[in-house]
Structures are given as C-alpha cells and as structure tokens.
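Going by numbering that gives the first Met the number 0, the first residue of the sequence shown is number 0, and it counts up by one from there.
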Amino acid sequence: MQLVIVESPAKAKTINKYLGSDYEVLASFGHIRDLAVRDGSVDPTNDFAMDWEVSADRSRQLKEIGDAAKRATNVILATDPDREGEAISWHLTEWLVKKKLMPKGGAQRVTFNAITKDAVTSAMARPRELDTALIDAYRARRALDYLVGFTLSPVLWRKLPGARSAGRVQSVSLRLICERESEIEAHEAREYWTVTAAMASAAGDAFGAKLVGLDGKKLEQFDLNTEALAEAARARVAAAKVSVTSVETKPASRNPYAPFTTSTLQQEASKKLGLSADQTMRLAQQLYEAGRITYMRTDGVQMAPEAITAVRAVIAEDYGRGPDVLPEKPRHYATKAKNAQEAHEAIRPTELAARPAKGAASEADRLYALIWKRTVASQMASARMERTSVLLEDAGRTLALRASGQVIISPGFLAVYTETREDVSADEEADDDDRRLPRLTQGEACATRSAEAKQSFTQPPPRYTEASLVKRMEELGIGRPSTYASILQVLKDRAYVKLEAKRFHAEEKGRLLTAFLERFFDTYVGYDYTAGLEGQLDEVSAGNQDWVALLRAFWADFEARTKEVLEIRPSDVTKALDEWLEPMLFPERADGEDPRLCPSCNNGRLGLKTGKFGAFIACSNYPECRYTRQFGTEGGAKESNGPMLLGIDPASGEPVTLRDGRFGAYVQIGEAEKPPRASIPKDMQVAGPDDLDTALKLLSLPRTIGNHPETGEPITASIGRYGPYLAHAGKYARLTGSAEVFETGMNAAVVKLAEAAAGRPARGTPQPPLKELGAHPTSGAMIKLLSGRFGPYFSDGTTNANVPKGLDGMEIAFEDAVALIDARAAMPSKGKKKPARKPAAKKPAAKKAGTKAAAVKKTATKKKAPVT
Numbered sequence: 000m001q002l003v004i005v006e007s008p009a010k011a012k013t014i015n016k017y018l019g020s021d022y023e024v025l026a027s028f029g030h031i032r033d034l035a036v037r038d039g040s041v042d043p044t045n046d047f048a049m050d051w052e053v054s055a056d057r058s059r060q061l062k063e064i065g066d067a068a069k070r071a072t073n074v075i076l077a078t079d080p081d082r083e084g085e086a087i088s089w090h091l092t093e094w095l096v097k098k099k100l101m102p103k104g105g106a107q108r109v110t111f112n113a114i115t116k117d118a119v120t121s122a123m124a125r126p127r128e129l130d131t132a133l134i135d136a137y138r139a140r141r142a143l144d145y146l147v148g149f150t151l152s153p154v155l156w157r158k159l160p161g162a163r164s165a166g167r168v169q170s171v172s173l174r175l176i177c178e179r180e181s182e183i184e185a186h187e188a189r190e191y192w193t194v195t196a197a198m199a200s201a202a203g204d205a206f207g208a209k210l211v212g213l214d215g216k217k218l219e220q221f222d223l224n225t226e227a228l229a230e231a232a233r234a235r236v237a238a239a240k241v242s243v244t245s246v247e248t249k250p251a252s253r254n255p256y257a258p259f260t261t262s263t264l265q266q267e268a269s270k271k272l273g274l275s276a277d278q279t280m281r282l283a284q285q286l287y288e289a290g291r292i293t294y295m296r297t298d299g300v301q302m303a304p305e306a307i308t309a310v311r312a313v314i315a316e317d318y319g320r321g322p323d324v325l326p327e328k329p330r331h332y333a334t335k336a337k338n339a340q341e342a343h344e345a346i347r348p349t350e351l352a353a354r355p356a357k358g359a360a361s362e363a364d365r366l367y368a369l370i371w372k373r374t375v376a377s378q379m380a381s382a383r384m385e386r387t388s389v390l391l392e393d394a395g396r397t398l399a400l401r402a403s404g405q406v407i408i409s410p411g412f413l414a415v416y417t418e419t420r421e422d423v424s425a426d427e428e429a430d431d432d433d434r435r436l437p438r439l440t441q442g443e444a445c446a447t448r449s450a451e452a453k454q455s456f457t458q459p460p461p462r463y464t465e466a467s468l469v470k471r472m473e474e475l476g477i478g479r480p481s482t483y484a485s486i487l488q489v490l491k492d493r494a495y496v497k498l499e500a501k502r503f504h505a506e507e508k509g510r511l512l513t514a515f516l517e518r519f520f521d522t523y524v525g526y527d528y529t530a531g532l533e534g535q536l537d538e539v540s541a542g543n544q545d546w547v548a549l550l551r552a553f554w555a556d557f558e559a560r561t562k563e564v565l566e567i568r569p570s571d572v573t574k575a576l577d578e579w580l581e582p583m584l585f586p587e588r589a590d591g592e593d594p595r596l597c598p599s600c601n602n603g604r605l606g607l608k609t610g611k612f613g614a615f616i617a618c619s620n621y622p623e624c625r626y627t628r629q630f631g632t633e634g635g636a637k638e639s640n641g642p643m644l645l646g647i648d649p650a651s652g653e654p655v656t657l658r659d660g661r662f663g664a665y666v667q668i669g670e671a672e673k674p675p676r677a678s679i680p681k682d683m684q685v686a687g688p689d690d691l692d693t694a695l696k697l698l699s700l701p702r703t704i705g706n707h708p709e710t711g712e713p714i715t716a717s718i719g720r721y722g723p724y725l726a727h728a729g730k731y732a733r734l735t736g737s738a739e740v741f742e743t744g745m746n747a748a749v750v751k752l753a754e755a756a757a758g759r760p761a762r763g764t765p766q767p768p769l770k771e772l773g774a775h776p777t778s779g780a781m782i783k784l785l786s787g788r789f790g791p792y793f794s795d796g797t798t799n800a801n802v803p804k805g806l807d808g809m810e811i812a813f814e815d816a817v818a819l820i821d822a823r824a825a826m827p828s829k830g831k832k833k834p835a836r837k838p839a840a841k842k843p844a845a846k847k848a849g850t851k852a853a854a855v856k857k858t859a860t861k862k863k864a865p866v867t
C-alpha cells in the first residue's frame, strides 16, 4: 500500500476517486509544524537555526498518518504545487524521519496543477525529490517575518503604548492606506465649471457637445472657476450659431485580457462579485479541490496547449468561427514575473466544456462563471470600433464645441467579458463607449437647442478598496499575490484599518504606527526596499541565492537599528512623532492663528501625548488645563467640550452626564473619585436628555435575568469590550445586539446558553476564543479568553490561568490577564516534588516515662520502637 498525503480532506476525497485500492489518501490539514511561539525560535548566532514544534491541533491527523505509514511501502507527498506546498511536504518528511515512521520505500514528491484524473495519474508516474530551493525560500521568508515580528513588537510595546505588533509586509501595506488618508486630508477642493450644449444636426438628430474653446484659446479646466464666468460662457453658447469645421474618424481596437492570475482574480471578484480577497481565495480553493479549476495561486498567464485547443473549440461552438470572433492563430500570453509560481498555468477551468450554470446561486458557481468567461474571452478576437470626434465653431471662431462618440463595429471578446473600471475620479470624463453620434459632415450647420453650466469641484484620490489596494501592491512588488488576503485580514483584525462602504479607512493606531515606523525604521517600510527583498526571495526560490546569506545581510542592519531605537527615551520618541506628524495634527489655520494654541486656556500649547491606551492630543498646562482631543480623527480632531447633563439618577440623586473620552462617548453618575461609568455601544444612541432612560439602563449593567432553573446559579446579561453577552457559572453566550441585553428573558437565555455549550468543540480540539486581548509583552503570543470544563481561563498557548472566582472574564483588562498568566507560569508544576528539607540535628534527649521516643527509619537494620 502507498500512502498519499495532501493538505485538505476535500482534496483527499477527490484524489481518492482517481487512485485504486493500492493507495491510501490522507490529509494533513495544512502545516503540521510552525516556529515555536517564543523568543529565540530563530537563532541568528547559529546560521538562523529554527526551533519547529508540532501544532497541538494536529495530533489526531498525525496519529492517523503515523499509523498509515507503518502499513505503507512508501509515502507520496502530493501537497500544493507552490512554496507552501513544498514546505508542508518537507515538514511531513522531517516529522516521519524523526518519529522513525518513514517506510523503507522512502518519500517522493508529486505535483499537479489541476485535480483531474489525467493530471493526477500523470503526476503519479513522474515523482521527484523535494525542491530544496523552494524550501530554502520558505525558511527564509518565515525567518524574516519571525525576526521582524519578535524584534520589532517589543520595541513598540516600550516606545509606543497601544501598538500591538508590526509585520514585514503588512506594515508597508498599512503605509499605503495611511498615505492615501493623508492625501485626502491635504486635498483642497477647487471649483470649476463646464458648459455643455444639447445640439441638433441639419437632419434633426440630437447629440451633445462640450465647450472646449473660448475667444480663440483652448479652455483649460479652471478657466471657468466662478459662476459668473460660467454663466457668461453659457449665454454665448446658447446664442451662438455653429457649424461643423472638422470630422475625425479613427479606427480603434481593444485586445482581450489575459486569463486570471491570483491578483487579477482577487481584483475582478471584488469589483464584479463584491468578494473580499479572503473570500475569493477560499472559494477558489473549493473549486480547485473539487477539480473544477486549475491551481489558484499563480502569477502565470499562460495556458497549456490542450487547454487553448479546448477553449477555441468552445468559442467555435458557442459563438462561431468567423474572424471577428475566433482569431486565425491562438493567443499566447507572457508575464515578466520572476516568481517561482510563474511555472504554473493561469487560473482556468479544467474542463472548458463545463459551461457555467445559468442563474447560478452559490458564490462558488458565480466565481466559476467569472473564471470561465475570462478564460474564453482571452482567446477571442479583438473588439473593433470606430471613434469619431467632431469640432463645431461659430463664424468668428470665438468659441468651439466638441462632440465625440464611439461605435462598436465588431464586439469580439466584449461579447463575453468586459473588465470593470474602478476608482475613476470625478474629474475624468466618462467613456465614450456607449455614446453614439449622428452622421455629420464638414460645413453642416447645427442648431443649439439649449446650454447648461455645471458646477464641479476637484475630488481627492479615492480610498483603496481591496481590489485597488491589491493592484497597487502588485505594481510596487510588495508581497506576493498568494499572501495578499492574509495581509489585509491582519490589518483588519488588529484594528489598524476599518472597512466602510468597502473602502479602507486608516484608524488612529494604524496611522501612529506608520508614523513611528517611517520615522525610526524608514528603510524597512520603504517600497523599493520591500520589493527588492521580495526579489531576493524569488532568487532563493530559483536557486540563485543562498538563504542564510540573505538573512545575515538583513539581520546585521536590522538588529543594529533596533538597538539604537531601544536606547531612545519614550518621551523623546513622542517628541519626534509630534514633530513628524505636525502637518497632519496641527494644519495651518485659515485665520492665521497658531494651530497649537489651546482653545481652552488660550495660553497652553497642544502636543502629542501617549498613554497606556494609545495617543491623544493634550494641553501643555496639564493638570491645570485638562483639555484633550482624539488623535487623527477625520475632518479635524474631536474636542472634549465638557460633560452634557442628561438628568438626575433617581436612585442616588446624582447628575447623569454624557462625556466624550479618548475611546468614545460614555455616561457617568456623579463626580466621585471612581464614579459609575458605562460606554455607549455603537448600536445604541445617547445624544441628549431624551436618552436618560437608555443611559440609566447602561449604567445598571450587568443585569440579572434570574437563577438558572437547573443549577440555581444567576444568569446575567452585560456588554463587554467585544459586545453583548450572557454569563452563567463561568460560561458565556454571545448576543446579537445590545438591545437583547435588556430584553432577553429566562427561557431565551437558557436556550442561548445551552446552544453555546452544545457548540463547544470536543475536548482536545481547538475552540474559538471568547475574546482576544492582545500579544503578551514578553513572548509575543496572543492572550485569549477561553471557556474550559472548569470555567473560563486565559491562555497564551503555553500557560493557562483560571479567571478568579467572582470576576467576569469578559471585563478583565489586558494588564490583569498578563499578570494572571505570569503568576501561573511562575508557580511550580504539580508533577514536581519539592526537595525534602533536611531536619536540624538534635541532641539526644534522656528518655522519660510517659513519653514516646521518635521512631527512626533506617535502611540497614530494622528495630522495634522502644516500649515505654
């Protein structure tokens, strides 16, 4: 029996259909090992030796693989045909050898670009050895990411409070988003007007024209910058008698697009189907594992000759064989990418005859249809069109109008596929693709039916969507398309950016982190530097560069720079960032006043400050002046204008006020040293005195619903940092909205708690955390709140610490969770015995009646205790 190992169960199931009973196909469920989550897992002093450890959640799969290996004659590693797939096969080989489970026949590697019977059986007939160059590239990339993360993150914790972590590629991607935010803030809208006319030909056919010349001069964009100028020009156009002075007709063509690569698929799926990069890759993975498309992580645009033949057959059958549909010769595409994944085909259907289902409902089917259409269109004829431009002038040629249009003579590939345009500025003119002109001749007089002046303002560059950001990253050579989805997800997970209306907005902590890195680690967030490093990694993949030498060169400079920054005092870091961010935080005022002048005390100066929870703007006269405002809010900083009285608390008689803090709005009762406070969730409104009841409800939390009918323990409802939830005897259940905290009754609460408990994974399998608090300051591991058999507990992946009785785990602060884990880690393990303490020597005492002499245990002879 031969053991075949792949990554996923779906892939194993598909391959199993193609292989006979002599094969056993098992899944590793992805990587089985990773670098240990602790400092020192990559040792720069020992040629960057790496400490790999088996993932705890892979024990079940590895036992199954190990048992099968004992029965097998040899092992066939059939993981994905890229760097990550090669690395998974390498990890499996290393593990089998270490556990002495490798069969006598050894291990061989096979790859296939599509999971079809022909591709799989053909690959099985051509096994090879592991590709050491790809493995070296994987190790280099993994070491780089680890060294940056574990070296830079502690610097951030000490010098930049509130920052969580930074990554090699994600920090550069974040810089793109933050720079676009700065461009938008710096943009000054300029007014301009355009004049258009509704015209009619001599035959009475209507068409539109735009004013392009005035008084013998070409009209520039800002020549008409006031309503008065625009109205004067409009009146002249409305009264003018014009005729055609020139007609230019030019043939044009548009070539089809190349088949999809990983990057272009992500972009088009975002624009056409509204899918995120992560969603696109997950759906493409499903299609690949089901054998419907070729491998979806590729930079190549070429197709196999047999695939091109199949595409042309489909075109001939569905659209005809004419030269305006099917070119005489096949089209061949090439890319300049140096990536090792260039060896792969483009993303295409494995069976071109499998047309997309009409009215496909599932997202996977819609994505398949997109891939099918792009593939077919890539081999079709170019679209042929005719572009016409007509110039109309008055008799004295004091004003000129231009009308333009386009006629598609032969649609070619456009009959199947058109690429979606995105991020077109409002300043740009619309395409003429759908604008038709009547047939006009030179000298023909045309009538002006009406004229209109339209006011416009220049627009700032648009914020990035996932599609436009992926496109920009690819243009700059940052990262690799197969990693874009995970990079963007990390930025969202760490709250460095947020998505609103499918566009990235830089959050304040993301902008502060970017400013810190640009100021103190400018080389390592440089676009050219990052792209150059990617190029070197590609050279390692190709076997042209030594991976250890690459790491040595990187580490020598990076370590030295890190040590320099660690020596800088936090106050000096804040001062440097204050100067660096001055144009953004304190822009020049229109009235000429000092933008740093405190608006509260009128003599203090505003400056950047950093605290336990991040950055904010404060007055230099603190504590006499307590003016603060948030860091980097859109449209200018949000000032704290003092509390708003909502009403009186009927229970205490104290005032209830609405206040604005650095972390959002909150309500408070009274002015005691530690007054009752409650944050206002996003899905509830407290804006004025009319919302006093809502404020009192929030201040009354947690709400006790009642005692559980089975345990007798109370069930409470509250709102934590991660949203509304129920709590009972150390168990939790999430609620969908804040209103449910006040509306959920006993029956519903019992059901929700039972459903949450039933949905908990079996013992030994990974479970989703109740919440993530942040990275441990020392180890860098993520601290999570988990639900266990004996109640909730905090874990950093190595040490577990129970939530103290009487406390709500959802409300415990990050610092307290760190202290609990550190205290538990310092405790001796239960399995270790304390060393026996040697008793102090005593002088022999005289025996007395009525007392017992201590019995002394000896190993040589055994004596009876003396009888008294």
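Backbone N, C-alpha and C fix where the C-beta goes; we use that ideal spot for every residue, glycine too.
Bear in mind the structure is a predicted one, so any value in this text is a computation, not a measurement.
Give the single residue among the options whose Cα lies nearest to the Cα of residue i.
| i | options | result |
| --- | --- | --- |
| residue 458 | 786, 545, 138 and 188 | 188 |
| residue 529 | 20, 172, 40 and 451 | 172 |
| residue 58 | 679, 31, 670 and 355 | 31 |
| residue 553 | 288, 617, 308 and 145 | 145 |
| residue 47 | 784, 53, 54 and 34 | 34 |
| residue 275 | 347, 467 and 290 | 467 |
| residue 646 | 688, 237, 478 and 683 | 688 |
| residue 536 | 593, 549, 693 and 319 | 549 |
| residue 665 | 653, 643 and 292 | 643 |
| residue 230 | 564, 277, 709 and 450 | 450 |
| residue 566 | 485, 519 and 372 | 519 |
| residue 373 | 283, 263 and 65 | 263 |
| residue 503 | 90, 104, 174 and 123 | 174 |
| residue 199 | 436, 306, 152 and 810 | 436 |
| residue 284 | 272, 297 and 273 | 297 |
Which first and last residues belong to the beta strand (DSSP E) in which residue i is found?
| i | result |
| --- | --- |
| residue 177 | No beta strand (DSSP E) holds residue 177; the alpha helix (DSSP H) holding it covers 169-185. |
| residue 195 | 190-199 |
| residue 112 | First-last for residue 112: undefined, no H or E at that position. |
| residue 73 | 73-76 |
| residue 657 | 654-660 |
| residue 405 | 398-409 |
| residue 247 | 241-253 |
Tell me the residue span of the alpha helix (DSSP H) that contains residue i.
| i | result |
| --- | --- |
| residue 334 | Residue 334 -> no alpha helix (DSSP H), and no H or E assigned at all. |
| residue 65 | 58-70 |
| residue 789 | Note, residue 789: premise wrong, no alpha helix (DSSP H); not H, not E. |
| residue 435 | Unbroken run through residue 435: none, as it is neither H nor E. |
Under a three-way DSSP split, which group does residue i fall into?
| i | result |
| --- | --- |
| residue 19 | coil |
| residue 8 | helix |
| residue 587 | coil |
| residue 568 | coil |
| residue 452 | strand |
| residue 606 | strand |
| residue 519 | helix |
| residue 233 | helix |
| residue 667 | strand |
| residue 800 | strand |
| residue 806 | coil |
| residue 90 | helix |
| residue 698 | helix |
Would you mind giving the Cβ-Cβ distance between residue i and residue j, rounded to the nearest angstrom? I have them listed as a contact below 8 Å.
| i | j | result |
| --- | --- | --- |
| residue 84 | residue 78 | 4 Å |
Verify whether the separation of the beta carbon atoms of residue i and residue j is less than 7 Å.
| i | j | result |
| --- | --- | --- |
| residue 290 | residue 115 | yes |
| residue 246 | residue 441 | yes |
| residue 26 | residue 7 | yes |
| residue 496 | residue 506 | yes |
| residue 295 | residue 346 | yes |
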